[in-house]
Amino acid sequence: MRPSSEPFWDRQRETLPAEQRLVLIFDRIKHQLNYAYAQIPFYRQLYDAKGVHPDDIRDLSDFTTKVPVVTKAMLQQSQRDHPPFGNYLGVDFSEVKRIQGTSGTTGHPTLFAISGEDWEHISEAQAMQCWAAGLRPSDIVQIVFPLSLYVGGWGLLEAAERIGAKVLPMAGGNTERQIAMLQQVGTTVICGTPSFCLHILETARAKGIEMASGSLRLGFFGGEPGAAIPSVRQKLEAGFGIRAIDFGNVAELHPCSNMECYQGSGMHVYQDVDYTEVVNPHDPHQALGYNRKGAVVYTHLWRKSQPMIRYLPGDETLITDEPCDCGRTYPRMPQGIIGRLDDMIIVRGVKFYPGDVERLLREIDGMGTEFRIILERRGELDEVRIEAEYDSVGNAERFQSAAEEHLKGGLGLRVVLVPMTSGTFPRTQFKARRVIDRRPTSRQ
Ligand SMILES: [Zn+2]
């Protein structure tokens, strides 16, 4: 058992010089490519069609320039053609231990079949990440993520158990009971989506309960980009009296794909778990390297069941290799996942993410809990209307003018803000849906 004062789960691995780690990574990539080509029809067909063979890949640069990416649409098609798990399962079904899926509320979920051996790798990786984030055996971990098809909550449960912490598996929903149990048991770590946790805070405040003076000391937030948005992080940290830890969640990859360390200086990219590239969003074979914003591409280095090799989820990020004060040599995403490229809003030539609106709104005094972004077309022009709840003790007109000015300055676009009374919008127990696009020919 590691002493709680030990900052590393696996010191040698976590502090390995980056160049040495890249050698190990490339060995694993070769292994994965050979395995996938030999064993998995999905990859053999893809690589044959593109005229690429594992033997052609002699270094990491070849890997980026020659190996095709895999998209969600390709996985969905494979699962339709070869139900239920697609022709990329890789292992015999008898080896499968868990079946999870995407959390999307519409259509067919994409299914993830994970072998027992792979789940063991996941468990070890998640424990290493959660330890770096400060989770310790003495903690009581209240999971307010749904424990459902969505894999994120299970990854945290697994990590907590492996570390020896105590798990309180509340799962999603029932806000008042969450608060009561938190107080009764003396929870020290809360895990959930930022939007549901903000709702817990709002409910506690309405009941006159001051969460910041309670037993909580740490929060793990994922499923949405919120905890990487400084104004959201500040609300969570001040409201609960915690250190907020942001983690990224690409279900095809890992329950928690990247996670901040206790320094909270951006998610570490655990390159020897999932090799991570940043590429040109218009050309996945063009590496952008460090400190440039682009599309992220992930590769499982250890997975045998449904391995992802150059999976492109459509997320935008930037990775830096500037050292972190924690001493880990893994690079970081200082701004977290900036947004899903599919969710980018373009109005009158101005590009922004829903997260940009959230950051600006939460910087305004008098902002309440929830908001909606409504996109409409008036005549020839697209208009942005933002309906935002204001604090129950605040003044609607003052909030409106402050918000319109702040949003205009931050987005570079004039928007109409409609102040709404507190409690107008339904509270989510999982991920908030905040964009309503009413423009003609739009997808939504
Ligand atoms: Zn760090």
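In terms of the working numbering, the sequence shown has 64 at position 81, counting the first letter as 1, and numbering is strictly consecutive.
Glycine included, every Cβ here is placed at the ideal spot set by N, Cα and C.
All of these numbers come straight from a predicted model, not from anything done at the bench.
Can you name the start and end residues of the alpha helix (DSSP H) that residue 113 belongs to?
If you look at residue 113, you'll find it in the alpha helix (DSSP H) that goes 99 to 115.
Judging by CA-CA distance, which residue of 36, 140, 308 is the nearest neighbour of residue 131?
Closest option to residue 131, Cα to Cα, is 140.
Measuring only from the beta carbon, is residue 311 closer than 7 Å to any heavy atom that is part of ligand 1?
Residue 311: yes, Cβ under 7 Å from ligand 1.
Please state whether the Cβ-Cβ distance between residue 170 and residue 201 is less than 8 Å.
With contacts defined as CB atoms closer than 8 Å, residue 170 and residue 201 fail to qualify as a contacting pair.
Is the region 362 to 372 in contact with the region 388 to 403, if contact means three or more CB pairs nearer than 8 Å?
Counting Cβ pairs under 8 Å, three or more are found: they touch.
Alpha carbon to alpha carbon, what distance is there between residue 365 and residue 312?
Looking at the backbone, the Cα of residue 312 and that of residue 365 are separated by about 45 Å.
Are the Cβ atoms of residue 309 and residue 246 separated by less than 8 Å?
Yes, the Cβ-Cβ distance between residue 309 and residue 246 is below 8 Å.
Below 7 Å, is the gap between the Cβ of residue 251 and the nearest heavy atom of ligand 1?
Yes; taking the cut-off as 7 Å, the Cβ of residue 251 has a heavy atom of ligand 1 nearer than that.
Return the bridge partner residues of residue 227 from the DSSP annotation.
Checking the DSSP bridge columns, you'll see residue 227 partnered with 202.
When the Cα atoms are used, what is the spatial distance from residue 214 to residue 315?
Rounded to the nearest angstrom, the two C-alpha atoms are 20 Å apart.
Is it the case that the region 100 to 110 contacts the region 152 to 165, given that we only count it when at least three CB pairs across the two stretches are under 8 Å?
The region 152 to 165, when compared against the region 100 to 110, does not touch it at the 8 Å Cβ threshold.
Residues near residue 323 by beta carbon distance below 7 Å, same chain, minus five either side:
For residue 323, same chain residues with a beta-carbon under 7 Å away, outside a window of 5 residues either side, are 297, 298 in chain order.
Could you check whether the Cβ of residue 113 sits closer than 7 Å to any heavy atom belonging to ligand 1?
No.
Kindly indicate which three-state DSSP category residue 328 falls into: helix, strand or coil?
In this structure, residue 328 counts as strand in the three-state DSSP scheme.
Could you check if residue 273 is buried or exposed, using at least 16 other CB atoms within 10 Å of its CB as the buried criterion?
The residue in question, residue 273, is exposed, as its Cβ has fewer than 16 Cβ neighbours within 10 Å.
Length of the line joining the Cα atoms of residue 303 and residue 362
Distance between the alpha carbons of residue 303 and residue 362: 44 Å.
Residue 122, DSSP secondary structure in three states:
Coil, per DSSP.
Report the residue from 60, 355, 39 whose alpha carbon sits nearest the alpha carbon of residue 367.
For the residues 60, 355, 39, the minimum Cα distance to residue 367 belongs to 355.
Beta carbon of residue 13, beta carbon of residue 35: below 8 Å?
No. Outside cutoff.
Give me, in chain order, the residues of the same chain whose beta-carbon lies closer than 7 Å to that of residue 480; leave out the 5 immediate sequence neighbours on both sides.
Since the first residue shown for the chain is -16 and the last is 427, residue 480 is missing from the structure and cannot be characterised.
Touching or not, the region 340 to 350 and the region 22 to 41, by the rule of three or more beta carbon pairs under 8 Å?
Counting Cβ pairs under 8 Å, fewer than three are found: no touch.
Put residue 427 into one of helix, strand or coil per three-state DSSP.
Note that residue 427 scores a pLDDT of 42, beneath 50, so its modelled location is shaky; the value from the coordinates is reported in the next line. Residue 427: coil per DSSP, three-state reduction.
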